[in-house]
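Q: Be aware that the sequence shown starts at 32, since it is given in the numbering used here, and climbs by one per residue. C-beta atoms are modelled at their ideal positions from N, C-alpha and C, and glycine is treated no differently. Remember, predicted model here, so these are calculated numbers, not experimental data. This is the structure, below, for whatever I ask next.
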Amino acid sequence: MFMKHLWRLLSIRVSAFRRFFFLLLLISFAGTASAGQAALSITDDFGNEVTLQAPAKRIVALYGSFNEILYAMDLGDRLVARTAADHYPEQITALPSIGTHMRPNPELIVALKPDLVLQMAGRSQAATALEPLKTRGIPCAMFKVASFEEMFFMVRRLGVLTGEPESASGLIESMNARLDSVLQKYVTSSVLPSVFFEIRYPNLLAAGQGSIVNDIIRHAGGINCISNHKKIVRMGEEELMRLNPRTYVYQTGRMNPSPVRPDERSHFKLIDAVRNKRILKVDESVFSRPGPRNVEAVEILADFLFNNKEK
Numbered sequence: 032m033f034m035k036h037l038w039r040l041l042s043i044r045v046s047a048f049r050r051f052f053f054l055l056l057l058i059s060f061a062g063t064a065s066a067g068q069a070a071l072s073i074t075d076d077f078g079n080e081v082t083l084q085a086p087a088k089r090i091v092a093l094y095g096s097f098n099e100i101l102y103a104m105d106l107g108d109r110l111v112a113r114t115a116a117d118h119y120p121e122q123i124t125a126l127p128s129i130g131t132h133m134r135p136n137p138e139l140i141v142a143l144k145p146d147l148v149l150q151m152a153g154r155s156q157a158a159t160a161l162e163p164l165k166t167r168g169i170p171c172a173m174f175k176v177a178s179f180e181e182m183f184f185m186v187r188r189l190g191v192l193t194g195e196p197e198s199a200s201g202l203i204e205s206m207n208a209r210l211d212s213v214l215q216k217y218v219t220s221s222v223l224p225s226v227f228f229e230i231r232y233p234n235l236l237a238a239g240q241g242s243i244v245n246d247i248i249r250h251a252g253g254i255n256c257i258s259n260h261k262k263i264v265r266m267g268e269e270e271l272m273r274l275n276p277r278t279y280v281y282q283t284g285r286m287n288p289s290p291v292r293p294d295e296r297s298h299f300k301l302i303d304a305v306r307n308k309r310i311l312k313v314d315e316s317v318f319s320r321p322g323p324r325n326v327e328a329v330e331i332l333a334d335f336l337f338n339n340k341e342k
């Protein structure tokens, strides 16, 4: 209505000066509207508003999950760096390293001129690592993911910041379709098998209710025998014996580089999972890192729980 009114004013017999003035006003209004439409804004998981004037084209991810998600959205070419620990997808290794997840090098990051930095919450150092970047005016977003629902919410917001909401929706729909397939194929029993997930051994650590592993177990048709709501739970072996899980899952990776098989630990032989050879060895990056491969983790675990295959 405002623009229409201006054009009506222009059609009136007024001086050339006034006509020129109104034309400038119209151009200014159109430019302001266009700029308003270009702004992209989300709120991250810690209440910080992140606003970009245009879709992010140069992204630095300080945690490997984001690399996997952006590649799954066909946006891997927007990444301009990686951390020292990132080697998946393979293409990421061609990018320069800017330090570690908790201790990135701010000077190296600034030199890459990113328009967005992404961080995953963990210890307090994760937020601290963003401070020198924020003071330089670089937009930063930090997320916390402990379930598929939280992951999907994060993916949708990444779709906003990259100007690719359809790519985000497509990834979510694809993941949900596979999760539904597992539900229809395997999860038919009313009795949920108990699962213990070993993060590290020795000095035993287990996945608690606050981890993505917990949601993987749930979607696979099992129940996490750890009731503690923390992400990682320190365990005494006596407590493990008391829990006596039906299935024992242990990971290999950075947190658990060379674990001894549970059935080769003499004091574990009384656990039902060990006595019945219900032991599953898995890849830490597939099970413990929030990302698209968590659906593969659900498929692997469901197949093991309901097809009685030792791996």
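Can you have a look at D108 and say buried or exposed, based on whether 16 or more other CB atoms are within 10 angstroms of its CB?
A: Numbered from its first residue, the sequence shown carries residue 108 at position 77. Label assigned to D108: exposed.
Q: Using the Cα positions of A237 and N307, report the straight-line distance between them to the nearest angstrom.
A: Sequence index remark: in the sequence shown, residue 237 carries index 206 (1-based). Sequence index remark: in the sequence shown, residue 307 carries index 276 (1-based). Approximately 21 Å, taken between the alpha carbons.
Q: Assuming V226 contacts I248 under a Cβ cut-off of 8 Å, what Cβ separation, rounded to an integer in Å, is found between them?
A: Start at 1 with the first residue of the sequence shown, and residue 226 comes out as number 195. Start at 1 with the first residue of the sequence shown, and residue 248 comes out as number 217. Sure, about 5 Å apart at Cβ, within 8 Å.
Q: Are there 16 or more other CB atoms within 10 angstroms of the CB of G267, so buried, or fewer, so exposed?
A: What you label residue 267 is simply residue 236 of the sequence shown in a count that begins at 1. Exposed, since its Cβ has fewer than 16 Cβ neighbours within 10 Å.
Q: Look at the alpha carbon of F77 and the alpha carbon of T193, and state the distance between them as a whole number of angstroms.
A: Taking the sequence shown and counting its residues from 1, the one referred to as residue 77 is at position 46. Taking the sequence shown and counting its residues from 1, the one referred to as residue 193 is at position 162. Their Cα atoms are separated by approximately 20 Å.
Q: From S198 to N207, what does the alpha carbon distance come to, in whole angstroms?
A: Within the sequence shown, numbered from 1, the residue matching residue 198 stands at position 167. Within the sequence shown, numbered from 1, the residue matching residue 207 stands at position 176. Using only the alpha carbons, I get a separation of about 14 Å.
Q: So what does K313 bridge to, in DSSP terms?
A: As a first step, residue 313 must be located in the sequence shown, where it is residue number 282. With the sequence shown as reference, residue 313 is identified as Val, and Lys is not the correct amino acid for it. Its beta-bridge partners are Q282.
Q: Which residue spans inside the region 183-260 form an unbroken beta strand (DSSP E) run of at least 3?
A: 225-231, 236-238
Q: Skipping 5 residues on each side, what residues in its chain have a beta carbon closer than 6 Å to that of Y217?
A: As a position in the sequence shown, residue 217 is number 186, starting the count at 1. G252, A333, F337.
Q: Kindly indicate which three-state DSSP category G95 falls into: helix, strand or coil?
A: Counting from 1 along the sequence shown, the entry for residue 95 is found at position 64. It is helical.
Q: Using the DSSP secondary-structure output, state which residues sit across from A172 in a beta bridge.
A: Counting from 1 along the sequence shown, the entry for residue 172 is found at position 141. Note: A172 sits in a beta bridge opposite L149.
Q: For I302, does the three-state DSSP call read helix, strand or coil?
A: On the sequence shown, residue 302 is found 271 positions in, with the first residue counted as 1. Here I302 sits in coil by DSSP.
Q: Evaluate D75 with the Cβ neighbour count: other Cβ atoms within 10 Å of its Cβ, from every protein chain shown; 16 or more gives buried, anything less gives exposed.
A: Taking the first residue of the sequence shown as 1, we reach residue 75 at position 44. With 16 or more other Cβ atoms within 10 Å, it is buried.
Q: Under 8 Å Cβ to Cβ from M182, same chain only, skipping five residues before and after it: list those, please.
A: Position 151 of the sequence shown, counted from the first residue, corresponds to residue 182. Once the five neighbours on either side are set aside, the close Cβ partners of M182 are V176, I243, P321, G322, N325.
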